[in-house]
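Protein chains: 2
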Amino acid sequence: MKKNALYAQSGGVTAVINATAGALILEARKSNKIGKVFAAENGILGALREELIDTSKESVKSLISLKHRPGGIFGSCRLKLKDIETSEQEYNRLIEVFKAHNIGYFFYNGGNDSADTAFKVSQISKKLNYPIQCIAIPKTVDNDLVLTDCCPGFGSAAKYIATSILEASLDVQSMSETSTKVFILEVMGRHAGWMAASSALARTNKGDAPHIILLPEIIFDQRKFLLEVKNTVKKIGFCVIVVSEGVKNNKGKFLSESDTKDAFGHSQLGGVAPYIADLINKKLKLKNHWAVADYLQRSASHIASKVDLDHAEAVGSYAIKFALSGMNGVMPIIVRGKSKKYKWNIKAAPLSKIANLEKKLPKSFISSNKMNVTSRAIEYLRPLIQGETASPYKNGIPHLKEFKLIKVKKKLTNWQI
Amino acid sequence: MKKNALYAQSGGVTAVINATAGALILEARKSNKIGKVFAAENGILGALREELIDTSKESVKSLISLKHRPGGIFGSCRLKLKDIETSEQEYNRLIEVFKAHNIGYFFYNGGNDSADTAFKVSQISKKLNYPIQCIAIPKTVDNDLVLTDCCPGFGSAAKYIATSILEASLDVQSMSETSTKVFILEVMGRHAGWMAASSALARTNKGDAPHIILLPEIIFDQRKFLLEVKNTVKKIGFCVIVVSEGVKNNKGKFLSESDTKDAFGHSQLGGVAPYIADLINKKLKLKNHWAVADYLQRSASHIASKVDLDHAEAVGSYAIKFALSGMNGVMPIIVRGKSKKYKWNIKAAPLSKIANLEKKLPKSFISSNKMNVTSRAIEYLRPLIQGETASPYKNGIPHLKEFKLIKVKKKLTNWQI
């Protein structure tokens, strides 16, 4: 009897995480070697609660439409499993659910933390004696996973940011003589400045916006920053700034810190743009405007990058291929070719070398004044935002197909945290 | 000898103001009855300074590309001319410039204030004895001009807002079980709630986001609002809120100006979205995220509405037609047909009945709980976001053609304010 598969999304969604889900499910159907693909409702939580969605009830048309669908169709969550030793109860429960539903493959679609969880699950086979193949599938707008050349989700966020900066900077430029002189866009990126860096893709000619990029890898130097703003306004009449939510001061504190923490214990960030705006008001008395893109930047399927979408689908279908070839504890990663023309392919990389590690911007990508990125950064980033995806509209808004989302009948007693 | 024309943009730009400029210039060329079309650099300021761009130097291809170009290609400004009596100097200078460059037509592309200026200029003929025909062309994301059914620029901002809310709400929904429960998007609209109202177009089914819309026409009722947030989260698991920047409290103060402090005792740095977020943190202790769209919403040509783009081009070409038919002191307005299927045409309306007036959301568009809009509002709004414009990309970002922007040789002495 064919083994079934369980697919779960984890952490913040991206513009293309559903594309990965669609490609994975369709590939599994095509292979004819996997029973059913169940999707855990709300990520790993659904696996523990035995809330499993039977994707075999969904039409091929619906599954294809996932390519363009924002959000996470099956729900996601932030819940990090600890070591098998300290969280034995959770792992035992997972095995119970796996057994009850004849699950032989577990696909976990997420970032660093999820790669760690997937790695632990991949070890269940040995440690708890249950045969399960576990594949982690990369997904994160943060682009901070190691080994893979880039992370599905990032390219689309990068395209959103570059386009938004291009559009907003033309707006500011039009009005700068008598109105706004400084525009600030806050983007995501807690520890790594990939998203902020991608704003540099808005440039075509020298002097084009953005003029200053504040990266979380660099300690904020207020004096140097204000001088650069002042000089830019003097030179070209206005100044466009992109600031990463994760920028810290020389005391190691986020420029704007909130008192709330998420389930992983990370502080919840937001509000560095108004901090910078306030600084410019007080110290330079320059009229400014600011925007905070927040979820808009990571869910903007309407402006997804074609290359990113292709990556997202490829890691989904390769996850199935790798599982069927007998692999366990791996991640399909994107490998960039060495030729000048952008080429890529998918390889398997061991989760032990990925879990919990974080890829920041390399030094060679940061300009000497530390408020910008180098041409090497742009060479790396440019291919990732190429192409548009012609996402479908209906009635003036993105078209969402209906999904049945029918749950599998439970076989176990309720699970309590 | 044919008279020349002067075109000037005024106030904040929109995603389609350049489309109006392009259509106007091309229509003037086609007519063969107008000499050259000059464009004032940075709006009326350029007219006073005699900084005139000769659009006859631009290729037809470049002018067609204005259809999709964000920002204001010739620059804009915020400068309101006073009465002819009190600002005689400015009006005399305008006439000097008009005379020096044989200008017989003045086209002023803006909102309320610009309609007022245009109205005053249209009276120069009589009062200062210079023959000039002045046509104001509507443009404002605020959608607050009277007489016209809608304002070019609004439909595209509305489409941006509806799409962004749809995408972000799917994001929030995916994660709401363990993470963010409330999402807040701040949109523009100081006095009129058209932009906030347009977020309702994101809905397809009952219960879809946005769940609460805070309009500047309605005094903020904190108790009622918090109760609605709480009940929405209880009922459907999350709550999406759209708030207009212009919402005021019962003391007539903008919420964003309220003197509030965050959890660390720092005073809150502007923005009504962070104000609402802070309120929800303190009073409901619900995890939330917020975004401020700011300039992104009014400059997003990449997601312009086709209907809005058509309006923008039509008012541009009709401005020429009206001028050539001898009209003065009018605005081409958009008139909606009475049939169920959306139809529209352009008529001329007198500026005396438009200048300085402001169209707010009618009472019939606001729901009985005052935190939402009615189906009548949606019926009005829906046609304005229909259709996509296939704006061109190059290298992953919106493609901008080069413009020459060659200035006309000055004939007068420098103007000093």
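First to last, the protein sequences are chains P and Z. For the first sequence, position 152 matches number 152 in the working numbering, and the numbering has no gaps at all. For the second sequence, position 375 matches number 375 in the working numbering, and the numbering has no gaps at all. All C-beta atoms in this analysis are idealised placements derived from N, C-alpha and C, irrespective of residue type, glycine included. As the structure is a computational prediction, the values presented were derived from the model and not from experiment.
Check: Distance between Met371/P and Lys159/P (C-alpha atoms, nearest Å); Outcome: 20 Å
Check: Nearest-angstrom Cα separation, counted from Val233/Z out to Ser179/Z; Outcome: 12 Å
Check: Reduced DSSP category for Met331/Z - H, G, I as helix; E, B as strand; rest coil; Outcome: strand
Check: Beta bridge counterpart(s) of His289/Z as assigned by DSSP; Outcome: Phe183/Z
Check: Alpha-carbon to alpha-carbon, Ser364/P and Asn109/P; Outcome: 30 Å
Check: Three-state secondary structure (DSSP) of Asn109/Z; Outcome: strand
Check: Counted within 10 angstroms of its Cβ, other Cβ atoms place His399/Z as buried (16 or more) or exposed; Outcome: exposed
Check: Opposing strand residues paired with Lys394/Z [DSSP bridges]; Outcome: Ile397/Z
Check: Rounded straight-line distance, which links the Cα of Lys30/Z to that of Thr204/Z; Outcome: 43 Å
Check: Option nearest Pro392/Z by Cα separation, candidates Asp208/P, Phe154/P, Lys139/P, Ile303/P; Outcome: Ile303/P
Check: Minimum Cβ-Cβ distance from Pro70/Z to chain P less than 7 Å; Outcome: yes
Check: Unbroken beta strand (DSSP E) run spanning Gln9/P, endpoints; Outcome: 4-9
Check: Opposing strand residues paired with Trp344/Z [DSSP bridges]; Outcome: Arg336/Z
Check: Distance CB(Lys230/Z)-CB(Leu284/Z) smaller than 7 Å; Outcome: yes
Check: Residue-level contact to chain Z via CB, Ala162/P, 7 Å cutoff; Outcome: yes
Check: Below-7 Å beta-carbon distance, Ser174/P vs any chain Z residue; Outcome: yes
Check: Near-chain Z residues of the region 77-97 of chain P - C-beta to any C-beta below 9 Å; Outcome: Cys77, Arg78, Leu79
Check: Closest residue to Glu217/P among Tyr295/P, Val243/P, Ala273/P (Cα-Cα distance); Outcome: Val243/P
Check: Interface residues of chain Z facing Ile303/P [CB-CB closer than 7 Å]; Outcome: His302
Check: Cutoff 7 Å: Asn249/P Cβ touching any chain Z Cβ; Outcome: no
Check: Pick from Cys134/P, Ser174/P, Glu358/P, Gly43/P that is closest to Gly72/Z, judged by C-alpha positions; Outcome: Ser174/P
Check: Cβ-Cβ separation, Val146/P to Ile354/P (assumed contact under 8 Å), whole Å; Outcome: 6 Å
Check: Proximity test, Cβ basis, 7 Å: Val112/P and chain Z; Outcome: The amino acid at residue 112/P is misidentified as Val; the sequence shows Asn. No, its Cβ sits nowhere closer than 7 Å to a Cβ of chain Z.
Check: Any C-beta of chain Z under 7 Å from that of Ala348/P; Outcome: no
Check: Partners in chain Z for Trp194/P, counting only beta-carbon separations shorter than 8 Å; Outcome: Under the 8 Å cutoff, chain Z gives no residues; its nearest Cβ is about 15 Å from Trp194/P.
Check: Inter-residue Cα distance where the pair is Ile17/P and Lys3/Z; Outcome: 59 Å
Check: Cβ contact (3+ pairs, closer than 8 Å) linking the region 102-119 of chain Z and the region 141-157 of chain Z; Outcome: yes
Check: Closer than 7 Å to chain P by CB, Ala47/Z; Outcome: no
Check: Bridge-paired residues (DSSP) for Val37/P; Outcome: Ala5/P
Check: Distance between Asp308/Z and Lys341/Z (C-alpha atoms, nearest Å); Outcome: 16 Å
Check: Assigned exposure category for Gly11/Z - 16 Cβ within 10 Å defines buried; Outcome: buried
Check: Partners in chain B for Thr178/P, counting only beta-carbon separations shorter than 9 Å; Outcome: Going by chain labels, chain B is absent from the structure shown, which instead holds the protein chains P and Z.
Check: Bounding residues of the alpha helix (DSSP H) (the contiguous stretch that carries Pro274/Z); Outcome: 272-284
Check: Where the region 137-162 of chain Z meets chain P: residues whose CB sits under 7 Å from a CB there; Outcome: Lys159, Ala162
Check: Bridge-paired residues (DSSP) for Ser52/P; Outcome: The sequence as given places Leu at residue 52/P; Ser does not occur at that position. DSSP, once it has assigned bridges, lists Ala40/P as partnering Leu52/P.
Check: Alpha-carbon to alpha-carbon, Pro274/P and Val419/P; Outcome: The question about residue 419/P has no answer here: the residues shown for chain P are numbered 1 through 417.
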